[in-house]
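Colleague: So the sequence shown is numbered by the working numbering: it starts at 110 and just counts up by one.
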Amino acid sequence: KNFGMQDVAKFYHLASFHQSQEMFEITFNKKKFNSLSKNHQNILRIAAEAANSDNYWKMTKRYADDLIKLQKESGVKVVVTPKDILAEQMKSWDKVVAEFSAKDPLFKEIIESQKRYAKVVMSYLLMNQPDYMIGFRNAFGDPTKLTW
Numbered sequence: 110k111n112f113g114m115q116d117v118a119k120f121y122h123l124a125s126f127h128q129s130q131e132m133f134e135i136t137f138n139k140k141k142f143n144s145l146s147k148n149h150q151n152i153l154r155i156a157a158e159a160a161n162s163d164n165y166w167k168m169t170k171r172y173a174d175d176l177i178k179l180q181k182e183s184g185v186k187v188v189v190t191p192k193d194i195l196a197e198q199m200k201s202w203d204k205v206v207a208e209f210s211a212k213d214p215l216f217k218e219i220i221e222s223q224k225r226y227a228k229v230v231m232s233y234l235l236m237n238q239p240d241y242m243i244g245f246r247n248a249f250g251d252p253t254k255l256t257w
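1) Do you know whose CA, among Ala156, Phe126, Ser146 and Lys147, lies nearest Thr136's CA?
2) DSSP state of Phe137, grouped into three classes?
3) Are Val189 and Leu123 touching if we call contact CB-CB under 7 angstroms?
4) Which residues mark the beginning and the end of the beta strand (DSSP E) in which Val189 is found?
5) Along the alpha helix (DSSP H) that carries Phe112, what are the first and last residues, could you check?
6) Can you list, in chain order, the stretches of the alpha helix (DSSP H) that have 4 or more residues and sit fully within the segment 163 to 250?
7) Could you tell me the distance, in whole angstroms, from the CA atom of Val206 to the CA atom of Gln198?
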């Protein structure tokens, strides 16, 4: 809401890949970080992890509240991004990954590491988590047709 897009466009696509992966970031000067004792490095790692988790929990609620305000106060129409658009996003992403991986060995190494992690974790999550839409619709109806 603070970004102000509701003043430019009254149409909002949700459930796209980029928004669901948002993270809070804390950066450190590598040389300075490495000069710290292991205990101080661990304190900063744990503090950064805690800050990221805290940000995620708080922002999830804030985004939910802002979504209601965008619809109610700003007249924004919200729709879920269609699956065919998501599929095209993935095709485009694959092209970007291939291009950057060919140019940058570190990028390639990081992407491959992320893919190994995602393969293990997401296979578990996709099999373990129910379709929450079923429960939501049972209690509240179609989320795209709610009125505030």
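Glycine is no exception: its CB is placed at the ideal position from the N, C-alpha and C atoms.
Modeller: To lay it out plainly:
1) If we check each option's Cα against that of Thr136, Ala156 comes out closest.
2) Correct three-state label for Phe137: coil.
3) Taking C-beta atoms as the reference points, Val189 and Leu123 count as a pair closer than 7 angstroms.
4) Membership of Val189 in the beta strand (DSSP E) is indicated by the continuous run Lys186 to Val189.
5) Looking at the DSSP string, Phe112 is not in any alpha helix (DSSP H), and its letter there is neither H nor E.
6) With a minimum length of 4 residues, the continuous alpha helix (DSSP H) runs that stay inside the segment 163 to 250 are 192 to 212, 214 to 237 and 241 to 249.
7) So the alpha carbons of these two residues sit roughly 12 angstroms apart.
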